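Q: The structure that follows is given in the form of structure tokens.
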Amino acid sequence: MFDNVKADLIGDICSEAHNHVSCNQVLRSVPHSAKADLRDLGQIAIDKATAMAKTTLILVKALGKGQVSSICAEVFGDVIHNLNECPGLLRSSNRLSPNDLSAEASSAMYELVACDDKYEGNEPANVKQAIQTTYDTLSIILAIAARL
1 MFDNVKADLI GDICSEAHNH VSCNQVLRSV PHSAKADLRD LGQIAIDKAT AMAKTTLILV
61 KALGKGQVSS ICAEVFGDVI HNLNECPGLL RSSNRLSPND LSAEASSAMY ELVACDDKYE
121 GNEPANVKQA IQTTYDTLSI ILAIAARL
């Protein structure tokens, strides 16, 4: 029965995330997630979002030295910086930490939208998908922060 409660926790979180299917895939991709608590699930989302942001940064840099690539490379550097702040906020017992965690994730999401807008719909499909996946994963962090 305890595992069902944890499984419901993932379902509850994902019902509040931007992309329910992606959320379930992200959180259930780690073997111990079925027994994870809220903070452990938050760490999974942070780790996945950080890895995706780093991958996207590599993709953006590979596009060349143009202005859009340069701006988006800087954006993804900022996103990674925001994500690096998240584990400490997730584990903190400070009552403001959930708000700060939410602010870091929201700021990163805003940056992603700015990068996506710079491409004006002309980004390569793999970059567009990577930006979307990072965005979706950041929304999981927001859903978790709201429950802390």
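Number 120 in UniProt numbering belongs to position 120 of the sequence shown; there are no gaps in the numbering. Just so it is clear, CB atoms sit at the ideal spot from N, CA and C, and this is done for glycine as well. In this text the structure is predicted, and so the values were computed from the model without any measurement.
1. Give the straight-line distance between the Cα atoms of GLU85 and GLY121, rounded to the nearest whole angstrom.
2. Under DSSP, the alpha helix (DSSP H) around ASN94 begins and ends at which residues?
3. Could you tell me the alpha carbon to alpha carbon distance between THR56 and SER93, rounded to whole angstroms?
4. With a 10 Å radius around its C-beta and 16 neighbouring C-beta atoms as the bar for buried, classify GLN67 as buried or exposed.
5. My output table needs one value for PRO124: the three-state DSSP class, helix, strand or coil.
6. Would you kindly work out how many angstroms separate the C-alpha atoms of PRO124 and SER139, rounded to a whole number?
7. Pairs of beta-carbons, one from the stretch 73 to 84 and one from the stretch 106 to 116, closer than 8 Å: are there three or more?
8. Residues in the same chain with beta-carbon distance under 8 Å from CYS126, minus the five sequence neighbours each way, listed in chain order, please.
9. Could you compute how far the alpha carbon of PRO87 sits from the alpha carbon of ALA143?
10. Could you check if GLY42 is buried or exposed, using at least 16 other CB atoms within 10 Å of its CB as the buried criterion?
11. Between which two residues does the alpha helix (DSSP H) holding GLY11 run?
12. Can you tell me where the alpha helix (DSSP H) with ASN24 in it begins and where it stops?
13. Look at the alpha carbon of SER102 and the alpha carbon of HIS18, and state the distance between them as a whole number of angstroms.
14. Quick check on this structure: which residue in LEU148, ALA145, ASP136, ARG147 has the alpha carbon closest to the alpha carbon of THR50?
15. Using only the alpha-carbon positions, how far apart do LYS35 and GLU104 sit?
A: The relevant details are as follows:
1. 30 Å
2. That residue, ASN94, is in no alpha helix (DSSP H); it is neither H nor E in DSSP.
3. 32 Å
4. exposed
5. coil
6. 23 Å
7. yes
8. It is worth fixing the name first, because residue 126 is Asn in this sequence and not Cys. Around ASN126: LEU59.
9. 15 Å
10. buried
11. 2 to 16
12. Taken as a continuous stretch (DSSP letters only), the alpha helix (DSSP H) holding ASN24 covers 20 to 28.
13. 14 Å
14. Among LEU148, ALA145, ASP136, ARG147, the Cα nearest to that of THR50 belongs to ASP136.
15. 26 Å
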